[in-house]
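Asker: Read in order, the letters of the sequence shown are residues 572 to 757 in the numbering used here. Just so you know, even glycine gets a beta-carbon here, dropped at the ideal spot from N, CA and C. One structure, as structure tokens, below. Some questions next.
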Amino acid sequence: MKIQIQTQSALIGINSTNGQLSIKQNNRPMQLRATQGKLYLKSEAPVLLIDQRRCFSEAGLKSTMELSHKYSQKGKMAALEAVAKIASEGKELADIHKGDALSRQAKRRAMPKERQIVFDMIPKSRPEIKVIRGEVTGMYEKGEIDVQMNDYKPQINYQRGKLDIYLKQKPSIQIEYVGNNLDVYE
């Protein structure tokens, strides 16, 4: 006896549509505007004053005022000394009882005066130095930053996808008897 079996599997069908997602973002969500700060500086240079008049005076390099004062004092002293000398010599001549006054006066005038040589370093004084400090004053203008925020939210659009599942082919089993003999056993 022969049996023939035929089977057919079930088949399912799937139809799908993908979901769609789109996102739009604002390109410039923030705007900045900046103003730079400014620094203004004003400086006054320091001044160095050096007064060397006393040093030059000691070295013989005097101003005309100093020279005229010095020589006027020197002339005044020379005049006073000359008057004193003349008065002294006159008194000496008046004292006849002391003897030969004229010869003594002539002898004094004929003798050379003693000269003194003095070695000294000049200048003895230091220059007067005065410093007037300079000043730096500053003014600062602060800068500003202006920030403007636009709509920052993204625009999101989503369309759902679809998934359809269906039975495309039903399952089946077919059993057939093939042949003409039927064996029956007792």
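Quick one: is Gly-709 near chain B, going by C-beta distance under 7 angstroms?
Answerer: In summary, chain B is missing from the structure at hand, where a single protein chain is found.
Asker: Across which residues does DSSP place Asp-622 in a beta bridge pair?
Answerer: On the sequence shown, residue 622 is found 51 positions in, with the first residue counted as 1. Bridge partners of Asp-622: Glu-699.
Asker: Provide the residue span of the alpha helix (DSSP H) that contains Arg-675, from first to last.
Answerer: Your numbering for residue 675 matches position 104 in the sequence shown. Looking at the DSSP string, the run of the alpha helix (DSSP H) that includes Arg-675 is 672-681.
Asker: Going by the beta-carbon positions, is the gap between Gly-732 and Gln-607 smaller than 7 angstroms?
Answerer: Here residue 732 refers to the residue found at position 161 of the sequence shown. Here residue 607 refers to the residue found at position 36 of the sequence shown. Not closer than 7 angstroms, so no.
Asker: What's the gap between the Cα of Gln-577 and the Cα of Ser-593?
Answerer: For the purposes of this step, residue 577 is taken as the residue at position 6 of the sequence shown. For the purposes of this step, residue 593 is taken as the residue at position 22 of the sequence shown. So the alpha carbons of these two residues sit roughly 51 angstroms apart.
Asker: Under the assumption that Glu-615 contacts Gly-709 (Cβ atoms under 8 angstroms), give the Cβ distance between them as a whole number of angstroms.
Answerer: Residue mapping note: residue 615 aligns to position 44 of the sequence shown, counting from 1. Residue mapping note: residue 709 aligns to position 138 of the sequence shown, counting from 1. Between Gly-709 and Glu-615 the Cβ distance is about 12 angstroms, and since that is not below 8 angstroms, they are no contact.
Asker: With DSSP collapsed to three states, give me the class of Ser-587.
Answerer: For the purposes of this step, residue 587 is identified with residue 16 of the sequence shown, where counting begins at 1. Three-state DSSP puts Ser-587 in a strand.
Asker: According to the Cβ coordinates, are Ile-583 and Lys-739 closer than 7 angstroms?
Answerer: Here residue 583 corresponds to residue number 12 of the sequence shown, with the count starting at 1. Here residue 739 corresponds to residue number 168 of the sequence shown, with the count starting at 1. The answer is yes: Cβ separation under 7 angstroms.
Asker: DSSP on Ile-693, reduced to helix/strand/coil?
Answerer: Here residue 693 refers to the residue found at position 122 when the sequence shown is read from its first residue. Ile-693 falls in the coil class under three-state DSSP.
Asker: DSSP beta-bridge partners for Leu-612?
Answerer: For this step, residue 612 is matched to residue 41 along the sequence shown. Its beta-bridge partners are Gly-709.
Asker: Rounded to the nearest angstrom, what separates Val-689 and Lys-613 at their Cα positions?
Answerer: For this step, residue 689 is matched to residue 118 along the sequence shown. For this step, residue 613 is matched to residue 42 along the sequence shown. Val-689 and Lys-613: Cα-Cα distance of roughly 55 angstroms.
Asker: Have a look at Met-682 and Val-618 and give me their C-alpha separation to the nearest angstrom.
Answerer: As a position in the sequence shown, residue 682 is number 111, starting the count at 1. As a position in the sequence shown, residue 618 is number 47, starting the count at 1. Their Cα atoms are separated by approximately 58 angstroms.
Asker: Mind listing, in chain order, the continuous beta strand (DSSP E) runs of no fewer than 3 residues lying wholly within the stretch 712-743?
Answerer: List check, beta strand (DSSP E) in window: 715-720, 726-730, 733-740.
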